[in-house]
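The next block holds one structure in the form of structure tokens; read it before the comments.
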Amino acid sequence: MPDTNTVLALVGAGLGSTVLGAAITAIATWRLGVRGDERTARAQEQTARRDTVADRDALIDQLQAERDAERDGRLSAERELRLEEAWTRLLVDHVYRRRPPPPPTRPTQL
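Taking UniProt numbering, the leading residue of the sequence shown gets 1, the next gets one more, and so forth.
See the structure below:
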């Protein structure tokens, strides 16, 4: 029969390797969990970034459409103003030259 010291040494070695193995397993599992959390966080961050880029692009498209509509409205108003100025010049010229009625017709294009 083995003596007590040998038994204690074997039990200690077994317990030590078990504790050491459990510690390594716990650390590895914890680290994998952190990596999994990091992966999830990175994926969420990438999704948020993609959504932000899509929102920005949609806003840019909307602002460009609004700008184009404003430009079209401004150009139309400027065209109407030029027609009114031409009509006014025709009427003033008609009056200053003391021409008889009827006045000239309103221009429809320049």
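For glycine and all other residues, C-beta sits at the position ideal for the given N, C-alpha and C.
Please read all numbers here as calculations on a predicted model, not as lab measurements.
Between the alpha carbons of E45 and D37, how many angstroms are there, rounded?
Here the question's residue 45 lines up with position 45 in the sequence shown. Here the question's residue 37 lines up with position 37 in the sequence shown. For E45 and D37, the distance between alpha carbons rounds to 12 Å.
Does the Cβ-Cβ distance between P107 and L75 come in under 9 Å?
Counting from one through the sequence shown, the residue named residue 107 turns up at place 107. Counting from one through the sequence shown, the residue named residue 75 turns up at place 75. Taking 9 Å as the Cβ cut-off, P107 and L75 do not qualify as a contacting pair.
Quick check for students: name the residue ranges of the alpha helix (DSSP H) that lie wholly in the region 53-96, counting only runs of 4 or more.
none
Our contact map puts L91 next to P101 with C-beta atoms below 8 Å; I'd like the distance itself, whole angstroms only.
Position 91 of the sequence shown, counted from the start, is the residue given in the question as residue 91. Position 101 of the sequence shown, counted from the start, is the residue given in the question as residue 101. The Cβ separation is near 11 Å, so there is no contact.
For G21, collect the residues of the same chain with a Cβ closer than 8 Å to its Cβ; drop the 5 residues on either side in sequence, then sort them by chain order.
Numbered from 1 along the sequence shown, position 21 holds the residue referred to as residue 21. Cβ neighbours of G21 beyond the five flanking positions: none.
Could you give the C-beta distance for L110 and A77, rounded to a whole number, given that I count them as a contact under 8 Å?
Reading the sequence shown from its first residue, position 110 is the one you call residue 110. Reading the sequence shown from its first residue, position 77 is the one you call residue 77. At roughly 15 Å, the Cβ-Cβ gap does not stay under 8 Å, so L110 and A77 are not in contact.
In this structure, how does DSSP classify Q46 when only helix, strand and coil are distinguished?
On the sequence shown, residue 46 is found 46 positions in, with the first residue counted as 1. Helix, per DSSP.
Cα-Cα separation, T105 to H94:
Reading the sequence shown from its first residue, position 105 is the one you call residue 105. Reading the sequence shown from its first residue, position 94 is the one you call residue 94. Approximately 11 Å, taken between the alpha carbons.
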